[in-house]
Every structure is written in structure tokens, then in C-alpha cells.
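Quick notes on the structure that follows.
Chains as they are written, first to last, in the numbering used here: chain Y, 3 to 506; chain X, 3 to 506.
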């Protein structure tokens, strides 16, 4: 076979795997949004069948042979060519999937499924002791997994790479520390600020059906195509690309908090615009038709949620619109009022409820602890103590119970070590990209004031979405902004915004 | 291998096929209820992948070998044993699926997909000539299919057997003719009746969200388990068993016709109760965990829709409830008013909008024509003439255009020859079963008056649902009622009801 024929055979095979995985995605979406409770056990069997089929087809030794034959062929000469990217990224995944022994995969699946169950119970009782033996097992298995993958430096790198391909602790740890060094005093200063916005205006009554209308209107104006997607309700909101032409987002409504659904919807819309911006017509089912990393994905969701949705310019356009929908709740609310309220900052226990300023402190704390756990420098038994001590240092408040501390997140029970830092990477990239977009489109903020957000959407599509996995995250960042990952753009953005709102 | 081991291996394999098919069911449900329009092409690829996988696994020659080894083994001694039923019905399906050459299956799939498209166009233009060449192709291919299956008597038998296993034209044609002979004069008499119910009361304004609440309340009272199912909206309502613990029904709402959604929901609830009543814990994924035939399935939906939902006893309980929900629309409506309105009879062109009395005439006409088509006694070009002539004879009115005549139904374009008679079989069985239930539970109608329908649901579960495919439809009917298929119970029911309502 010629290299081209070998390549075509490879692509045919990975597209079939992608097609099977997309069926899984439909089943998973249905499970989270629609499935009646008693359908659960059978759905698990359906999902495991499809996951097994996809794994079996992807780890077929024939794929390994095709990849070996393509190694060093003329198709890989230009490393940015479609073919080279597809070969490189398929190779990376194939290596990862085939390096894990089947018994380890099955053990991880079994243990995390039980650990998850025990974690739910432990959190309910706020009893870390209940969860401790399970967390010990998950940490030990995660280490085994890291060993199976192999790594340079510390084991954490092998796991981080699952979510942020190519990234290592060394790449990010200095930036994260710089960020923390500036965030902690900023949050403390905000706490003591003389001027405070009135957050209660977003806690008035906002009828949920009207919230949905408003959310869909906003999502559509950002560029979400409702002919190629939908918005549903889910207990734990997420975005799911079920296939080309079908990207779905979810949110949840609280009639006494306008913030949750609006910014949740904008966040998921950001993820969805990335999925919709990928050229699936050309690249669907191959790495060129996939997003780069969780960090870059999060940069998209955070940009639309925060840099856009929490900007004054956004509200210049949308406050009058919102006043026509929420007549009673917003009738006495000014632009400064709403701008202040949606940017209200206060240290709190729960990450998923955190504001934009404290959010990254939640992440940094988790990143530090999970890295120490995997290094063996922190014992699982000592997690609550370490958590609470650090929490006090970063947030200035005492954790009252483990349910509000180290038991709050699902990630560890599910074995997702290395996942947390991608949230902060997203925030950092988001600020860097947004700065660059402003530079290249000097009237962008003026456009926002007129309800026009499609310029930014186009820019993101050109710079990021349409490239699929052509570049690694840090290369992409350098290519777009000319700079490497830095805490400064995000901090500059916060100093400016909170300076104005809090008079600090 | 012992027979038991051979059997276990067979069951393992067919359960896997069933699991794959259930994934297909989830994708199909999502397509019909939730999928955004642009998701359509990819969804077709997903569906065809899963259908192909299921077919490939089911027609694996190994399944044929296992079946041969089980032929005549001690497991088949008692023909009503679980094992004998599973072997018999798997054999039947395996033979059918392996008898069709691959090229024929692909050609049918290709041609019907195009024919469907052309039919949509032809119906829109009410232009039979546009559809004629396609219908000719579909008829020719259906004949080829019948030849490939093999048959005794006429080719129609081979196709009817796909929907009503074991049934032949000889079994039903006399009953159908008896039915027609009594229905035509009954409909004519009703048309001329001196007394007519006021149908406009169901055409008042019924808010769709209230219709949904009422429909869900009724479905729950019939025994639909909303922890194991849901009710959604679909353009063409249907029921789908996505798996054990997950049976979904759909309906559509018209704010100016209370009938459509209520009786649509009760109809689909009837189908769903059958699906929910099967013992999937024990038999899921095998023929013992499947329904018998479309005719028996339809007997369940029609019973709940008509014998129950259009009974006076139903409204004794539900009219006061409905009055509290639809205060304005129902405020001056009496029990006799509503009973008359939901039983209003009038000859009309469109089958899916037909009332209980004329419905079977629509079916008989189609059954007669499609049988003639396959026998070669009727040319496709002569279908409109034959249709219109017969329509005038049965309904007493002239067809104004083919869109209201022979172009109205989707079935023929999709190649579903042999499907139509199962609707009338359902109506006939439904009357027979309902009679028997009344005999065995003398206070059943009294129970209805108190809103208690679970006695009938239990009876159906015991007599029909829990037996899966243990019996063929006609054997089941004999077992339950002591009688063979007959038009008399259905006609007796109609004479009584319409006698009272129309004073005839």
C-alpha cells in the first residue's frame, strides 16, 4: 500500500470508532437529560457495550501497524499538515490506550464506580473517614496508571497529559504560583472594600420560563445555532457534541438567582461555539476535527461567560432587553447596579458556586494537594487538615465541615487526577485571547454595546476552532498572542474591573 | 456442549443483539423527539452503523449452528417452555433474516428511501403519476422479497407474516369480509341518524399545557409508570421501549381539539403498558421478553383508547376531574354530551383522523388493494381508480384528490406491505379480550367509574403481557376467550354504543 492508501485506511478505521463513540454520546446525553430513573441499570449496560466496542476497534493491532507504516512517511513531513496532525494525535492516543493493561482499566472502572458511590454517602454525612479508604485506593490506582503511561518528572505529568496534552507541571506551576501570590491579597482587599455592589438584585424573582427565553436569546446572539443544537435542563450542566450538526447545551434554573442559568448558559454556549466552529464537514471523526485540550475548551466557555457576559458593554445592550422580560425584578436597576451585582465577589466554600475572582484559588488549592498526593508527600488521611489550613490562608475563612471542604468535588472519587488545573488554564488563556482579540478588533467592545458578538465568534473560529488539534495548547497561545502562558493578562483584567466596582 | 450450554450460548448472543438494537432505539427516539434538524445526516450514519452491527451479529452462521444443534433437543419437548419458545422464535427470525440476499436488502433500502422522498413530493402535489413509477418498483421488490422468504398460498402471506407471525390471508379474509358487510350499512345509518351528538364541545379551547397535565394524570391512572417512562411530543406519535425500565410514549397537542392528545396518549399508553408488563427481569433480550405481533400490540392500544377511554364509565370518573382543569371549556358539558362528542362518527378521507366506526373501513380498503397488487390482479396505474371506487362504496362519499385518497399513507412508499391488516386485527382482538375481561371481572365497569383501571391492567398482564411470545396471536386468542378471531364482538360493541348515542 502507498502511504496515502495506508493513511486512508487509518482514517476509515478511526472514523468508525468516532461514529461508535458518538452513539455513546447520544445515550449519555439522554441519560443526563431525559432518561427515567428506572432506565438506569440497562443504560449502564448499553453504554458499556458501546464503550467496549469503541475501545476494541481503536486498540486493534491493525491500527498500530498502520501507524508504524506511516511513521516518517512523506505525509508527516509538514508537521502542520492535516495528515501529519491526524497521524501524530492518533498515535498519541493509541499509545495511551494500549499502554494500560486491561486488568488495570477494569480495576479502575470497578473501584471508581464504588468510590463514587461511597463519596456520595461520605459527602452527605460530611464524614471524610468514610471516604478515606476509597480515596487511598483511587490514589494508588492513579499512580499505577501513571506508571503504565510512563512520564518524565513526576507521576502527575502522566495524568495531566490526559486532559491537557503535552502540558507538564513545569510549564504551569510558576504561572499558577504567580497567580496565587496576586489573587490572595486582591480577594482580601475586596473583602475589606469600602464600596460594595448590591447583590440582592439578582436574587429577586426571575420566572424560570422567562429565564429560559432570555438565555436562548443571548445564546443565539453569541452565535449558537438552534437548528444545530438545543438547550436542555440538567442537574449538572454540561455541553455535548453528539455529532456534526448536533451540539447540545444544558443549564439549570433557580427562580431566585438570575445569575446561575444566564452565566451557566453563556458558559456552555462558549463550549458549544467551539464544537460548532470545528470544520466537521472536512475533518469530522479525526483529530483535526477535535478540540485541543480541556484548558483551551474552558478558555472558550470562560471568555463568553466572564469577559463577555460580565462586561459592562454586554449589559449596555442587554439590560434594556432584560428589563422588558423581567419587568418587576429589574425596573429600578441601573447599568452600574447590574454590572456590580453580576461581579460580586465573596469568599465561599463551594467551587462551583464561586465568583470569578475566588474561583482560581479553589483550583490552585486542589492542584497543589493532588500533586502532593501523587508525589507521596501528602497522606490521604491528612487531606482534610491540609485542605482546611490552605483554605484559611487563601480565603481568609475557616472550613466548617468537610462537605464544604475536601469532600465537595466529584473528581477524585472518579479518578480524575490532573483535571482541576485545566479550569485555571482556561481562565488564563481566556484573558490572553480576549486581550488579543481587542487589539486586533479595536471596535469589538463597541460592537458588544450594540448586541453584536459575531465578530468575536468569527475571530475565535479563525484563530482556534477551525484548527482542530493542529497545534498544542501552548503553541496555539504563542501563535495567537505572541506570548507564553502568563498570569498577567488575567490579573490586569481583574485589577481594572474590581478596581472600578469596589473602589480599590 | 450439552443442550443447556448450547442454549446458554445462543441466549448470550441474541441478548447482545438486543442490547445493540436497544441503543438504536435510543437514537431513534432522540431523532423523533429532540434532535435538531441539522443533526439528521449524521444520525442516519449512526443508525445505519448500529443496524448493521445488529444484523451482522444476528446472522452470524454460529447462531445457525447453535439453532441446528438445539433442533429436536430435550429443551424443545414442551413447546410452551421458555427454552422451546426462545428457540422457535429465534429460529423463525434467523431464517427470515438469512433468507434475504444482501443485495436485495440493500436495494430495498435504497429504493424505499428514494420512494419515500418522492411520495412526500407526490402527496404535496396530489399527483399520483409522480409516485407511480416508484410504487411500481416497490411492489416489484416486495414480490421479490416474498419469493425469497417463500410462502404457501399467495405472496402476500410472506409479508403479512413479518408483522403478524403465523397469520395467513385465509385466517383473516372471511372475518374481514364479514366485518365490512356489517360496517358499511352501520356507517350509512349513522350518517342518516336523527340524533347527533354535538362535536363542537371538544373543539373549544383546551390549553396545551393543561392537556398535558390531564393526559399524564390519565396515563398514570391506567398504570403507566413515570419512573420507568416519559411522555414527549412528536409529529407522528409512537411508543418506544428503549430498554427495561424505560418505555416512552409521545403525543401531539392541538389547542382546539381535546380529542387528539387525550386519545393519542391513551392509545400509546396501551402500547406502553404491554411493554411495561413484559417480564424483562427474567426474559429481556429474548423472544419470551418480546411482544407477539403488531395485531396483539394494537389490541392493547385500541382497548385503552376506545373500550376504556370512549366508555361512559371512564367519563363518569374523569368528567368532574376534567372540569376542574378545563373550567371554561367544559363548564356546561354533561356526561352525555362528552360521551357523545368523543364518539362522534363521520365518514372522512384520512385514516389517521378517522373515528372508531369508519377506521376499519379504511383498513379493509387498503388490505384489499395491496393484496390485489401483489397477486398481480391490480396494476399500480389503476390504484387511484380502484381506491376511489371502493371508497365511494364503503364511505358513501367521493374522493376529491389523491392526496386525500391513495397517496395519504406512508406505508407503501416504505415497503410496508402486509402491515395494514394488523390495525383491524388489533380492533377485533381488543373487543374479544375486553368482553372476556368483563365476563371474568363483573365489577370492572364499576371500577372504571371510580377511576380504578388497574384491575384491567393486571388482567391483561396475566393473560397477555407476561407470556411474551409464548403463543401465536390466534392461539392466545383461543386460550383467553375460547374463540377464534371473529367480527361479532366488535360489531356487537358498536351496535350497542352507536345505538344509544345515535338512536339507531
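For every residue, glycine included, the Cβ atom is placed at its ideal position computed from N, Cα and C.
Item to complete: Could you tell me which chain Y residues have their CB closer than 9 Å to the CB of residue 39 of chain X, listed as they occur along the chain?
Response: As a first step, residue 39 of chain X is located in the second chain; it is residue number 37 there, counting from the start. Going along chain Y in sequence order, the residues near residue 39 of chain X (Cβ under 9 Å) are 229, 230, 247.
Practice prompt. Taking only beta-carbon positions, decide if residue 22 of chain X is within less than 8 Å of chain Y.
Written response: Your numbering for residue 22 of chain X matches position 20 in the second chain. Among the CB atoms of chain Y, one or more fall inside 8 Å of the CB of residue 22 of chain X.
Worksheet item: Is the segment 303-315 of chain Y touching the segment 253-269 of chain Y, taking contact as three or more C-beta pairs under 8 Å?
Response: With three or more CB-CB distances shorter than 8 Å, the segment 303-315 of chain Y counts as touching the segment 253-269 of chain Y.
Worksheet item: Would residue 36 of chain Y count as contacting chain X if we go by Cβ distances under 8 Å?
Response: The count along the first chain starts at 1 and reaches residue 36 of chain Y at position 34. Yes, residue 36 of chain Y counts as interfacial toward chain X.
Discussion item. For a test of the three-state rule: what should DSSP assign to residue 281 of chain X, helix, strand or coil?
Written reply: Translated into positions along the second chain, residue 281 of chain X becomes position 279. Three-state result, residue 281 of chain X: coil.
Worksheet item: For residue 75 of chain Y, which residues of its own chain have a beta-carbon under 6 Å away from its beta-carbon, when the five flanking residues on both sides are left out?
Response: Walking along the first chain from the start, residue 75 of chain Y turns up at place 73. Once the five neighbours on either side are set aside, the close Cβ partners of residue 75 of chain Y are 5.
Worksheet item: Going along chain X, which residues have a C-beta under 8 Å from residue 213 of chain Y?
Response: The residue labelled residue 213 of chain Y in the question sits at position 211 within the first chain. Within chain X, no residue has its CB atom less than 8 Å from the CB of residue 213 of chain Y, the nearest being about 17 Å off.
Discussion item. Contact criterion: CB-CB distance below 8 Å. Does residue 366 of chain X meet it with respect to chain Y?
Written reply: Translated into positions along the second chain, residue 366 of chain X becomes position 364. For residue 366 of chain X, no CB of chain Y lies under 8 Å from its own CB, so it is not counted at the interface with that chain.
Fill in: Coil, strand or helix - residue 16 of chain Y by DSSP
In the first chain, residue 16 of chain Y corresponds to position 14, counting from 1. Looking at residue 16 of chain Y - three-state DSSP - the assignment turns out to be helix.
Worksheet item: Using a C-beta cutoff of 8 Å, does residue 43 of chain Y count as contacting chain X?
Response: Reading the first chain from its first residue, position 41 is the one you call residue 43 of chain Y. With a threshold of 8 Å between beta carbons, residue 43 of chain Y makes contact with chain X.
Discussion item. If you measure between the beta carbons of residue 344 of chain X and residue 189 of chain X, is that distance less than 8 Å?
Written reply: For the purposes of this step, residue 344 of chain X is taken as the residue at position 342 of the second chain. For the purposes of this step, residue 189 of chain X is taken as the residue at position 187 of the second chain. Judged by beta-carbon spacing, residue 189 of chain X lies beyond the 8 Å limit of residue 344 of chain X, meaning their Cβ atoms are not closer than that value.
Fill in: Sub-8 Å separation of residue 217 of chain Y and residue 275 of chain Y beta-carbons
As a first step, residue 217 of chain Y must be located in the first chain, where it is residue number 215. As a first step, residue 275 of chain Y must be located in the first chain, where it is residue number 273. Not in contact: residue 217 of chain Y and residue 275 of chain Y (Cβ atoms no closer than 8 Å).
Worksheet entry | Under 7 Å from the C-beta of residue 32 of chain Y: neighbouring residues of chain X | Within the first chain, numbered from 1, the residue matching residue 32 of chain Y stands at position 30. What residue 32 of chain Y touches in chain X: 28, 32.
Item to complete: Would you check if there are 3 or more beta carbon pairs closer than 8 Å linking the segment 469-486 of chain Y to the segment 81-90 of chain Y?
Response: With a cut-off of 8 Å, the segment 81-90 of chain Y and the segment 469-486 of chain Y count as touching, because enough Cβ pairs lie within range.
Fill in: Distance, residue 42 of chain Y Cα to residue 119 of chain Y Cα
Counting from 1 along the first chain, the entry for residue 119 of chain Y is found at position 117. Counting from 1 along the first chain, the entry for residue 42 of chain Y is found at position 40. About 15 Å.
Worksheet item: At which residues does the beta strand (DSSP E) containing residue 249 of chain X begin and terminate?
Response: Position 247 of the second chain, counted from the first residue, corresponds to residue 249 of chain X. Unbroken beta strand (DSSP E) run through residue 249 of chain X: 248-253.
Worksheet item: Does the ligand ATP have even one heavy atom less than 7 Å from the beta-carbon of residue 54 of chain Y?
Response: For the ligand ATP, the structure offers nothing, since it holds no ligand at all.
Discussion item. Quick check: the Cα distance between residue 13 of chain X and residue 78 of chain X, rounded to an integer number of angstroms?
Written reply: For this step, residue 13 of chain X is matched to residue 11 along the second chain. For this step, residue 78 of chain X is matched to residue 76 along the second chain. So the alpha carbons of these two residues sit roughly 15 Å apart.
Worksheet entry | Contact list for the segment 50-63 of chain X against chain Y, Cβ threshold 9 Å | Cβ contacts with chain Y come from 51, 52, 55.
Discussion item. Can you look up residue 472 of chain Y in the DSSP assignment and give me helix, strand or coil?
Written reply: Within the first chain, numbered from 1, the residue matching residue 472 of chain Y stands at position 470. DSSP places residue 472 of chain Y in the coil class of the three-state scheme, outside both helix and strand.
Practice prompt. Could you tell me which of X/166, X/457, X/28, X/281 sits nearest to residue 53 of chain X, measuring between CA atoms?
Written response: In the second chain, counting from the first residue as 1, residue 53 of chain X sits at position 51. When only C-alpha atoms are compared, the closest one is X/28.
Worksheet item: Smallest Cα separation from residue 294 of chain X: which of X/475, X/71, X/69?
Response: Counting from one through the second chain, the residue named residue 294 of chain X turns up at place 292. Nearest of X/475, X/71, X/69 to residue 294 of chain X, Cα basis: X/475.
Worksheet item: Considering residue 428 of chain Y, what are the terminal residues of the alpha helix (DSSP H) in which it resides?
Response: Indexing the first chain from 1 puts residue 428 of chain Y at position 426. Taken as a continuous stretch (DSSP letters only), the alpha helix (DSSP H) holding residue 428 of chain Y covers 423-442.
Discussion item. Can you confirm whether the segment 450-469 of chain Y touches the segment 144-157 of chain Y when touching is taken to mean that 3 or more C-beta pairs between the two stretches lie within less than 8 Å?
Written reply: Too few Cβ pairs lie closer than 8 Å, so no.
Practice prompt. Mark residue 258 of chain X as exposed unless 16 or more other C-beta atoms lie within 10 angstroms of its C-beta, in which case mark it buried.
Written response: On the second chain, position 256 is the one that residue 258 of chain X refers to. Here residue 258 of chain X is exposed, its C-beta having fewer than 16 other C-beta atoms within 10 Å.
Discussion item. Would residue 47 of chain Y pass as an interface residue toward chain X - the criterion being a Cβ-Cβ separation below 8 Å?
Written reply: Taking the first residue of the first chain as position 1, residue 47 of chain Y is located at position 45. With 8 Å as the cut-off, residue 47 of chain Y counts as an interface residue toward chain X.
Worksheet item: Are at least three pairs of beta-carbons, each pair with one atom in the segment 391-398 of chain X and one in the segment 360-374 of chain X, less than 8 Å apart?
Response: The segment 391-398 of chain X is in contact with the segment 360-374 of chain X.
Fill in: Backbone secondary structure at residue 259 of chain Y - three-state DSSP
Stepping through the first chain from its first residue, residue 259 of chain Y is reached at position 257. Residue 259 of chain Y: strand per DSSP, three-state reduction.
Practice prompt. Please check if any C-beta of chain Y sits within less than 8 Å of the C-beta of residue 275 of chain X.
Written response: Walking along the second chain from the start, residue 275 of chain X turns up at place 273. Among the CB atoms of chain Y, none fall inside 8 Å of the CB of residue 275 of chain X.
Fill in: Element boundaries [beta strand (DSSP E), containing residue 242 of chain X]
The residue labelled residue 242 of chain X in the question sits at position 240 within the second chain. It spans 241-245 - the beta strand (DSSP E) in which residue 242 of chain X sits, taken as one unbroken run.
Discussion item. Can you check which of these residues, Y/423, Y/386, Y/349, is closest to residue 398 of chain Y by C-alpha distance?
Written reply: Here residue 398 of chain Y refers to the residue found at position 396 of the first chain. Checked all of Y/423, Y/386, Y/349; the closest Cα to residue 398 of chain Y is Y/349.
Worksheet item: If you measure beta-carbon to beta-carbon, which residues of the segment 457-490 of chain X are closer than 7 Å to chain Y?
Response: Within the segment 457-490 of chain X, no residue has a Cβ lying closer than 7 Å to any Cβ of chain Y.
Discussion item. My assumption, with CB atoms under 8 Å, is that residue 430 of chain Y sits in contact with residue 177 of chain Y. Please give the rounded CB distance.
Written reply: As a position in the first chain, residue 430 of chain Y is number 428, starting the count at 1. As a position in the first chain, residue 177 of chain Y is number 175, starting the count at 1. That belief holds up - the Cβ atoms of residue 430 of chain Y and residue 177 of chain Y are roughly 7 Å apart, short of 8 Å.
Worksheet item: Cβ of residue 92 of chain X within 8 Å of Cβ of residue 22 of chain X?
Response: Walking along the second chain from the start, residue 92 of chain X turns up at place 90. Walking along the second chain from the start, residue 22 of chain X turns up at place 20. In this structure, residue 22 of chain X does not lie closer than 8 Å to residue 92 of chain X by Cβ.
Worksheet item: With a CB to CB cut of under 8 Å and the five nearest residues on each side skipped, what residues in its chain are close to residue 236 of chain Y?
Response: The residue you call residue 236 of chain Y lines up with position 234 of the first chain. 34, 35, 252, 253, 254, listed in sequence order.
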